[in-house]
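Numbering (the numbering used here), first residue to last: 98 to 231.
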């Protein structure tokens, strides 16, 4: 019909600034959520942690994403996230744990897991209560 479609010119000098404004208004969670929707039935929880969740990231910062799933593989996650990587123009580093594995690492006092869990989180799927589920 009468629809017009626009696309930003990635070569434009203000492209990075415009992308930054859009990310601040729309956020990073929505593209990640959209990419993971096909796997949603197999994901207990998913959240962004690190500099992005702390809001100390830069336009080139990687996105650290923790996913809690008892049945997905790392390859499943990486494949699903590809559209979000393209859309956001950033690398996404997923960390995948089963609920049992996460509970074991919490019980063992794993330094990485403890640090991630005490930091700010940007929830993509699920919530704080899902970390203890199971």
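For every residue, glycine included, the Cβ atom is placed at its ideal position computed from N, Cα and C.
Euclidean distance between Cα positions of residue i and residue j
i           : j           : result
residue 196 : residue 104 : 41 Å
residue 211 : residue 106 : 41 Å
residue 225 : residue 174 : 21 Å
residue 228 : residue 137 : 16 Å
residue 213 : residue 168 : 22 Å
residue 170 : residue 100 : 40 Å
residue 207 : residue 194 : 13 Å
residue 111 : residue 102 : 20 Å
residue 109 : residue 172 : 34 Å
residue 187 : residue 201 : 31 Å
residue 215 : residue 176 : 28 Å
residue 147 : residue 217 : 8 Å
residue 113 : residue 192 : 27 Å
Beta-carbon gap between residue i and residue j smaller than 8 Å
i           : j           : result
residue 178 : residue 140 : no
residue 143 : residue 115 : no
residue 128 : residue 184 : yes
residue 145 : residue 126 : yes
residue 189 : residue 160 : yes
residue 222 : residue 152 : no
Presumed contact (8 Å Cβ cut-off) between residue i and residue j, rounded CB distance
i           : j           : result
residue 149 : residue 219 : 7 Å
residue 117 : residue 156 : 6 Å
Coarse secondary structure for residue i, derived from DSSP in three states
i           : result
residue 146 : strand
residue 231 : Residue placement at residue 231 cannot be trusted, given a pLDDT of 48 that sits under 50; what the coordinates show is reported in the next sentence. Coil, per DSSP.
As an exercise, report each continuous alpha helix (DSSP H) stretch of at least 4 residues that is fully enclosed by the stretch 125-209, in chain order. 126-133, 148-151, 171-185, 196-204
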